[in-house]
Amino acid sequence: MPALPRIDQDNLPAHIAIIMDGNGRWANRRGLMRLMGHKVGVDSVKVIVEAARKLGIRVLTLYAFSTENWRRPEAEVSGLMDLLRTFLLRELPSMMEHSIRLRVIGQAQRLPEGPRRVLEKVIAETSANTGLVLNLALSYGARDEILRATARLARRCMAGELAPEDIDEAALAGELDTAGLPDPDLLIRTGGEYRLSNFLLWQASYAELYITETPWPEFRKRELYLAIQTYQQRQRRFGRTGDQLAAS
Ligand code: FPP
Numbered sequence: 005m006p007a008l009p010r011i012d013q014d015n016l017p018a019h020i021a022i023i024m025d026g027n028g029r030w031a032n033r034r035g036l037m038r039l040m041g042h043k044v045g046v047d048s049v050k051v052i053v054e055a056a057r058k059l060g061i062r063v064l065t066l067y068a069f070s071t072e073n074w075r076r077p078e079a080e081v082s083g084l085m086d087l088l089r090t091f092l093l094r095e096l097p098s099m100m101e102h103s104i105r106l107r108v109i110g111q112a113q114r115l116p117e118g119p120r121r122v123l124e125k126v127i128a129e130t131s132a133n134t135g136l137v138l139n140l141a142l143s144y145g146a147r148d149e150i151l152r153a154t155a156r157l158a159r160r161c162m163a164g165e166l167a168p169e170d171i172d173e174a175a176l177a178g179e180l181d182t183a184g185l186p187d188p189d190l191l192i193r194t195g196g197e198y199r200l201s202n203f204l205l206w207q208a209s210y211a212e213l214y215i216t217e218t219p220w221p222e223f224r225k226r227e228l229y230l231a232i233q234t235y236q237q238r239q240r241r242f243g244r245t246g247d248q249l250a251a252s
């Protein structure tokens, strides 16, 4: 087996966010049902969570179900919900063993009762864990998240707790579902589409983008290492010039 791409342990992204795309096409190409693509995609989830944990990544956000995904055929939606429920139940012991904390962004209350209950249980049981934060985006849409945050700010203003002129980036960020988490440094999209698809629109403002043709069911440890290696070769300037960075 060829060696894994080399990674600099001192320059790891603190937060990696992934748009896990290409499951359906991967399955179709093999003459399989789309759901088989999602099923093998769950194996990728397991591999990537473990690899990220071992590397020392602090936060891993996975786009598992978007607000738009509710429009998919009922059988695919319920199949995905079932995969989520069984994944969480199966992985809870390993999450406890490795101190992984589960978080969720999006309107998880819209999920059917079965997966919702399991989600609540795993979030509660892992809440004191201090290792990798596994942040699942479920029934998530960035515009929806920003609207909900904006409404909360408006309510705080109406209640006299906040003045409109005091609304700054920190105030808005503090009302987003990701409050308390660092912004993603690296945003990966598998499946070769060049879109953000309503994912972390506020938080990904300065994220390095890495798009690969590899469909999610084939995205494993080597692919993750390659994405991180590519990230480490980029120069993050945050609006400054390269000369300014070299001088600092
Ligand atoms: C996009 O592929 C993927 C999804 C909509 C769901 C991703 C979900 C999983 C990998 C499994 C459940 C998640 C967890 C965390 C257990 P697509 O169906 O849009 O692919 P296509 O673009 O090829 O049609």
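Quick note on this note's numbering: the sequence shown kicks off at 5 and runs consecutively.
Positions of the beta carbon are idealized from the N, C-alpha and C atoms, including for glycine.
Close beta carbons around residue i, own chain, < 7 angstroms, minus the five adjacent residues each side
| i | result |
| --- | --- |
| histidine 42 | Asn27, Gly83, Leu84 and Leu87 |
| arginine 238 | Glu212 |
| proline 219 | Gly26, Asn27, Arg29, Trp30, Thr194 and Gly195 |
Beta-carbon gap between residue i and residue j smaller than 8 angstroms
| i | j | result |
| --- | --- | --- |
| glutamate 54 | methionine 100 | no |
| alanine 141 | threonine 65 | yes |
| serine 272 | leucine 115 | Here the chain has residues from 5 to 252 only, and residue 272 is not among them. |
| threonine 216 | threonine 182 | no |
| leucine 136 | isoleucine 61 | yes |
| arginine 105 | serine 131 | yes |
| isoleucine 11 | tyrosine 229 | yes |
| arginine 226 | leucine 8 | yes |
| phenylalanine 223 | serine 48 | yes |
Bridge partner(s) assigned by DSSP for residue i
| i | result |
| --- | --- |
| valine 44 | Partner(s): none; valine 44 has no beta bridge. |
| valine 126 | In the DSSP output, where bridge partners are listed per residue, valine 126 has none listed. |
| leucine 191 | Ala21 and Leu213 |
| tyrosine 144 | Ser70 |
| valine 137 | Val63 and Arg105 |
Other residues of its chain near residue i: CB distance less than 6 angstroms, five sequence neighbours each side excluded
| i | result |
| --- | --- |
| valine 44 | Pro221 |
| aspartate 148 | Thr71 |
| alanine 208 | Pro188 and Leu191 |
| isoleucine 232 | Ile11 |
The beta strand (DSSP E) enclosing residue i, as first and last residue numbers
| i | result |
| --- | --- |
| serine 70 | 63-70 |
| arginine 105 | 105-109 |
Unbroken alpha helix (DSSP H) run spanning residue i, endpoints
| i | result |
| --- | --- |
| leucine 205 | First-last for leucine 205: undefined, no H or E at that position. |
| leucine 228 | 225-237 |
| alanine 177 | 173-177 |
| alanine 251 | 246-251 |
Own chain, CB closer than 8 angstroms to residue i, minus 5 neighbours either side, in chain order
| i | result |
| --- | --- |
| alanine 175 | Leu157 and Leu166 |
| alanine 18 | Ile61, Arg62, Val63, Pro186 and Asp189 |
| alanine 256 | The displayed coordinates of the chain run from 5 to 252. Any statement about residue 256 would go beyond what the structure contains. |
Member of the options whose CA lies at the smallest distance from the CA of residue i
| i | options | result |
| --- | --- | --- |
| glutamine 13 | Arg76, Ala56, Pro97 and Pro119 | Ala56 |
| arginine 4 | Ala250, Arg199 and Leu36 | With the chain covering 5 to 252 only, the question about residue 4 has no answer from this structure. |
| phenylalanine 91 | Ile109, Ala68 and Gln113 | Ala68 |
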